[in-house]
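Asker:
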Amino acid sequence: MIRINVFVEGQTEETFVRDVLAPYFFAQQIYLTPILAQTSSRQKGGITSYGKVKHQITRLCRQDPGAFVTTLIDYYGLPSDFPDYDIQRDNATNERVVQLEQAFANDIGQTNFIPNLLLHEFEALLFCQPEKFADWLDDNAPISAQNSQCPYPGSPPVPVSVSVPGQLITPRQNPEPAFSGYTNGSD
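Going letter by letter, the sequence shown gives residues 137 to 323 in the working numbering.
1) Whose C-alpha, out of I244, V234 and P201, is nearest the C-alpha of S254?
2) List the endpoints of the continuous alpha helix (DSSP H) containing R232.
3) Counting contacts by CB-CB distance shorter than 8 Å, is Q147 in contact with chain C?
4) Looking at K190 and I244, is the spacing between their C-beta atoms short of 8 Å?
5) Determine the DSSP secondary structure at F249, reduced to helix, strand or coil.
6) Taking the beta carbon of N369 as the centre, do at least 16 other beta carbons fall within 10 Å, making it buried, or is it exposed?
7) Considering only C-alpha positions, which residue in the set E259, S216, N252 and T247 is nearest to G202?
8) Secondary structure at P201, three-state DSSP: helix, strand or coil?
9) Identify every residue that forms a DSSP beta bridge with D210.
10) Please report how far the alpha carbon of E150 lies from the alpha carbon of N242, in whole angstroms.
11) Here's the rule: buried if 16 or more other CB atoms are within 10 angstroms of the residue's CB, otherwise exposed. What is I138?
12) Could you check if I223 is buried or exposed, using at least 16 other CB atoms within 10 Å of its CB as the buried criterion?
13) Kindly give me the distance between the Cβ atoms of L236 and F218, rounded to whole angstroms, as I take these residues to be in contact under 8 Å.
14) What three-state label does DSSP hand Y167 in the structure shown?
15) Can you give me the start and stop residues for the beta strand (DSSP E) that F143 sits inside?
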């Protein structure tokens with residue numbers, strides 16, 4: 137039996153681990169337990185500072201050294217005090233995520249800790265196989281519409297841009313004409 141505590145940053149990720157991943161891995165004798173990040177004594181969810189994350193993860197690792205601890209944290213929006221945060225900041229690539237995960241592991245310094253940062257936000261997982269939504273919908277129109285918006289079906293996700301997200305917006309996604317000003321009212 138393998139036990140893995142999964143440190144998650146929000147309720148959506150917590151539900152995903154509990155309701156989707158845990159049942160799948162349970163059949164393989166791997167037990168996943170989602171642990172929701174605490175931002176304060178009364179608030180849960182969200183990553184506001186690395187110091188709070190480090191404290192919580194270190195405590196998890198030490199409380200149960202026989203269990204692994206991993207994370208389900210989005211790369212986008214990492215706090216600026218994250219280890220090696222400034223390395224190649226313009227370059228949001230898999231390599232940068234791997235470097236940040238290594239710095240994270242080194243800073244935590246626990247042998248049962250395996251960091252996991254998601255280059256694409258967690259919600260992007262929902263669009264990996266949009267046709268799976270058909271199981272919950274009576275009408276496939278929303279799925280067909282979403283698939284028609286994909287500029288490159290079957291291709292990898294668009295690289296993350298931390299500096300110019302507006303470049304990803306195309307006229308096809310915003311078909312409304314630009315406002316051209318008021319007329320004199322006689323039109």
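Beta carbons are placed, not taken as given, at the ideal position from N, Cα and C, and that holds for glycine.
Answerer: For this structure:
1) Correcting the residue type first, residue 254 is Leu in the shown sequence and not Ser. Nearest Cα to L254 within the set I244, V234 and P201: V234.
2) Taken as a continuous stretch (DSSP letters only), the alpha helix (DSSP H) holding R232 covers N230 to I244.
3) No chain C is part of this structure, which consists of one protein chain only.
4) At the C-beta level, I244 and K190 come within 8 Å of one another.
5) When DSSP states are grouped into helix, strand and coil, F249 belongs to the strand group.
6) This structure cannot settle anything about residue 369, because the visible part of the chain is limited to 137 through 323.
7) The shortest C-alpha to C-alpha distance from G202 to any of E259, S216, N252 and T247 is the one to T247.
8) The three-state reading of DSSP puts P201 in coil, since its state is none of H, G, I, E or B.
9) DSSP, once it has assigned bridges, lists L254 as partnering D210.
10) One C-alpha to the other measures close to 25 Å.
11) Here I138 is exposed, its C-beta having fewer than 16 other C-beta atoms within 10 Å.
12) That one is exposed.
13) Contact annotation, L236 with F218: C-beta distance approximately 7 Å; criterion of less than 8 Å satisfied.
14) It is a strand residue.
15) Unbroken beta strand (DSSP E) run through F143: I138 to V144.
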